[in-house]
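Shown next, in structure tokens, is the structure this report addresses.
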Amino acid sequence: MSTTGEELISTNRRHDVILFDVDGCLVAEHTEILNIPALARVAEYNRIAIEQRDRPEITLCTGRPQPFAECMTRLLGNLDLPIICENGVYLFHPREHRYDMDPAITDDHITAIEDAKHWVLHTFAKDGLTIQPGKEASFSPYHAHPPALDPMIPRIREEAEKRGWPIRVSRSWNYINCDLQHISKRTGIARFFDATGLRHDRAAGVGDTLGDTAIAEAVDWFACPNNADPKLKEHAHFVARQDEILGSLEILEELEQREPQRH
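With full-length UniProt numbering as the guide, the letters of the sequence shown map in order to residues 1 to 263.
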């Protein structure tokens with residue numbers, strides 16, 4: 001069984017959990033080899049957090065599909081905390097190997113997502129657009145030249161309104177995200193706290209895009225790597241000097257220094 005919130009709360013630390021975005025925080029936004037030495041340092045931080053309960057433990061809050069998120073959470077040594085996948089579609093419980101799709105997602109919602117995805121591919125595949133594999137109740141169009149996505153967004157929104165598809169169309173650095181209107185990182189985070197019994201005021205978070213405002217608003221302390229959207233940085237208690245995972249290592253060091261036993 002997964003560890004309960006009561007078991008995770010420790011008087012030896014100010015925060016019990018860090019909700020970490022993945023792309024732009026733990027892996028590069030663009031196609032690059034994983035920084036394995038840096039990820040090993042994050043995993044070592046998490047091992048100590050789990051064993052000594054003297055700093056917050058890491059879990060993930062990502063738009064990535066469940067298989068990629070599961071790989072990352074195994075790499076970082078988390079088995080006890082659920083991870084939020086696909087922008088809130090799934091909570092995945094690693095130790096139990098349990099996949100919890102948000103119960104607010106119906107068969108009609110899945111049908112609408114599939115219809116929208118087929119229309120987007122039929123309309124834009126000739127322009128070089130593809131769809132990121134692996135998502136089940138959302139989809140993410142991709143183009144090798146990201147600025148080519150911009151004129152597609154209003155056309156997708158217009159078609160969604162015309163056909164009554166209940167989707168929200170937004171932009172990340174390299175993708176268009178087409179999500180169900182009532183499902184988001186925000187709803188995934190709410191389900192995470194309900195499932196674990198952990199408290200918002202004992203949680204920290206890390207993100208880099210405006211979609212991670214949901215993390216910032218749900219936690220007591222929020223930080224960004226230097227590559228973050230300037231508008232998101234306005235929500236941060238701490239902004240690292242370095243980008244991506246090197247910035248996230250700075251953030252973990254800052255969190256360690258903030259823990260009670262460090263003072």
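Where is the CB? At the ideal position from N, CA and C, for every residue including glycine.
Computed from a prediction, not measured in an experiment: that's the story for all the values here.
Answer yes or no: do residue i and residue j have a C-beta to C-beta separation smaller than 8 Å?
{"i": "Cys25", "j": "Gly188", "result": "no"}
{"i": "His93", "j": "Trp221", "result": "no"}
{"i": "Thr130", "j": "Leu8", "result": "no"}
{"i": "Ala240", "j": "Asn226", "result": "yes"}
{"i": "Arg55", "j": "Glu259", "result": "yes"}
{"i": "Arg13", "j": "Arg41", "result": "no"}
{"i": "Ile176", "j": "Pro141", "result": "yes"}
{"i": "Thr209", "j": "Asp229", "result": "yes"}
{"i": "Pro82", "j": "Leu91", "result": "yes"}
{"i": "Ser138", "j": "Asn87", "result": "yes"}
{"i": "residue 267", "j": "Lys185", "result": "What is shown of the chain runs 1 to 263, which leaves residue 267 out entirely."}
{"i": "Glu32", "j": "Trp173", "result": "no"}
{"i": "Asp21", "j": "Thr73", "result": "no"}
{"i": "Ala190", "j": "Gly205", "result": "no"}
{"i": "His200", "j": "Phe193", "result": "yes"}
{"i": "Arg64", "j": "Asp100", "result": "no"}
{"i": "Ile156", "j": "Val169", "result": "yes"}
{"i": "Ala116", "j": "Ile167", "result": "yes"}
{"i": "Ile110", "j": "Val89", "result": "no"}
List the residues that DSSP assigns as beta-bridge partners of residue i.
{"i": "Leu26", "result": "BP columns for Leu26 are empty, so no partner."}
{"i": "Leu19", "result": "Thr59 and Gly205"}
{"i": "Ile83", "result": "Phe92"}
When DSSP labels each residue in this structure, what does residue i get in the three-state scheme?
{"i": "His93", "result": "strand"}
{"i": "His263", "result": "Caution applies to His263, whose pLDDT of 46 falls short of 50 and renders its modelled position unreliable; the model cannot decide the point."}
{"i": "Arg13", "result": "coil"}
{"i": "residue 290", "result": "Nothing can be reported for residue 290, as the shown portion of the chain is limited to 1 through 263."}
{"i": "Asp54", "result": "coil"}
{"i": "Thr31", "result": "coil"}
{"i": "Leu39", "result": "helix"}
{"i": "Thr65", "result": "Per the sequence shown, the amino acid found at residue 65 is Pro instead of Thr. Coil at Pro65, not helix or strand."}
{"i": "Leu198", "result": "coil"}
{"i": "Asn46", "result": "helix"}
{"i": "Ile189", "result": "helix"}
{"i": "Met1", "result": "Annotation note: pLDDT 49 at Met1 (below 50); position unreliable, no value reported."}
Which word fits residue i, buried or exposed, when buried means at least 16 other C-beta atoms lie within 10 angstroms of its C-beta?
{"i": "Leu19", "result": "buried"}
{"i": "Asn78", "result": "buried"}
{"i": "Asp127", "result": "exposed"}
{"i": "Gln181", "result": "exposed"}
{"i": "Gln66", "result": "buried"}
{"i": "Pro37", "result": "exposed"}
{"i": "Gly164", "result": "exposed"}
{"i": "Glu161", "result": "exposed"}
{"i": "Asp108", "result": "exposed"}
### Task
Could I get the ranges of all uninterrupted beta strand (DSSP E) runs contained in the segment 97 to 180, with 3 residues as the minimum, in chain order?
98 to 101, 167 to 171 and 176 to 180
### Query
Where are the alpha helix (DSSP H) runs, 4 residues long or more, that stay fully inside the segment 214 to 253, in chain order?
230 to 233
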